[in-house]
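What follows is a set of notes on a single structure, which appears directly below.
Residue numbers (our numbering): 131 to 387.
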């Protein structure tokens with residue numbers, strides 16, 4: 131049996147652009163067992179991009195069978211889903227291969243900047259996966275969408291946090307792009323305690339920062355054994371550094387080396 135924790139990563143994979151699975155592989159390297167949920171010629175913000183489906187369930191089950199043969203220990207990281215059927219297939223595999231999975235982390239990729247950008251059926255599939263997870267990494271828009279509160283109401287951020295916690299009381303979670311008056315920051319709820327950090331707000335919009343945050347949090351918390359607070363701070367610091375680097379060099383996308 132392997133004693134080294136591996137990351138079974140479910141995410142989209144785009145040829146052009148720096149986000150999703152490409153970011154996860156860049157940061158976590160050979161620890162990652164990638165299972166793409168969707169192939170794209172480019173990120174969805176690139177005009178003219180194309181999407182291609184793939185035999186997701188067969189790839190997922192086949193990968194898990196090899197993990198079972200090797201006696202691997204897994205952190206299951208779930209990001210972008212290609213459709214709602216993939217959520218059902220994941221749930222079935224979580225039950226069938228439960229002896230392999232030490233941790234489940236869900237990044238419920240659904241929207242940003244106050245807007246939903248996945249089909250309603252995909253949004254509706256996230257709660258069942260969140261019920262199986264120990265950790266979740268929603269941004270503030272996703273926190274609102276998955277809080278269970280009626281949409282379109284201007285509520286205080288703390289109300290969305292409480293509603294999300296009431297809906298998923300077992301979850302530890304980190305909320306990025308969390309509003310603090312005129313600033314933004316990060317909110318962490320872990321083991322019954324909450325922590326908040328304000329950070330420098332840059333008027334920059336690069337795809338993939340959420341994936342950088344998630345991959346770095348995994349790296350620091352599970353692979354380098356930092357506590358949750360320190361791992362969150364490290365993830366935020368890396369995002370800020372990469373944003374400044376891309377802006378200074380006049381890049382159109384993040385550069386991860």
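Just so you know, even glycine gets a beta-carbon here, dropped at the ideal spot from N, CA and C.
Among 264, 140 and 287, which has the Cα closest to the Cα of residue 321?
Among 264, 140 and 287, the Cα nearest to that of residue 321 is on 264.
Cα separation between residue 365 and residue 342?
Their Cα atoms are separated by approximately 7 Å.
Would you tell me roughly how many angstroms separate the C-alpha atoms of residue 311 and residue 285, rounded to the nearest one?
Computed Cα separation, rounded: 13 Å.
Distance, Cα to Cα, residue 361 vs residue 349?
Each residue's alpha carbon lies about 8 Å from the other.
Does residue 338 pass the burial test, meaning 16 or more other C-beta atoms within 10 Å, or should it be called exposed?
Result: buried.
Report the option in 144, 283, 161 and 287 whose CA atom is closest to the CA atom of residue 307.
Among 144, 283, 161 and 287, the Cα nearest to that of residue 307 is on 287.
Would you mind stating whether residue 171 and residue 153 have Cβ atoms separated by less than 8 Å?
Contact: no.
Taking the straight line between their C-alpha atoms, what separation do you get for residue 189 and residue 313?
Approximately 42 Å between the Cα atoms of the pair.
Specify whether the segment 215-232 and the segment 288-306 touch according to this definition: at least 3 beta carbon pairs, one from each stretch, less than 8 Å apart.
In short, these stretches do not touch, since the Cβ pair count stays below three.
Using a Cβ distance threshold of 8 Å, determine whether the segment 204-214 contacts the segment 248-263, with at least three qualifying pairs required.
Enough Cβ pairs lie closer than 8 Å, so yes.
In this structure, does DSSP put residue 313 in helix, strand or coil?
Looking at residue 313 - three-state DSSP - the assignment turns out to be strand.
Of the residues 329, 379 and 357, which one's Cα is nearest the Cα of residue 368?
Comparing Cα-Cα distances from residue 368 to each of 329, 379 and 357, the minimum goes to 329.
When we look at the beta-carbon of residue 324 and count the other beta-carbons within 10 Å, is it buried (16 or more) or exposed?
Residue 324 is exposed by the Cβ-count criterion.
Could you tell me whether the Cβ atoms of residue 159 and residue 269 are closer together than 8 Å?
The answer is no: Cβ separation not under 8 Å.
Cα separation between residue 216 and residue 377?
Rounded to the nearest angstrom, the two C-alpha atoms are 36 Å apart.
Tell me residue 197's beta-bridge partners as DSSP assigns them.
DSSP, once it has assigned bridges, lists no residue as partnering residue 197.
Once you ignore the five residues that flank residue 197 on each side, which residues in its own chain have a CB closer than 8 Å to its CB?
Taken in chain order, the residues that qualify are 136, 138, 163, 204, 227 and 230.
Provide the residue span of the alpha helix (DSSP H) that contains residue 256, from first to last.
Element bounds for residue 256: 250-262.
What's the C-alpha gap between residue 233 and residue 202?
For residue 233 and residue 202, the distance between alpha carbons rounds to 13 Å.
Measure the alpha-carbon distance for residue 363 versus residue 305 and round it to whole angstroms.
About 13 Å.
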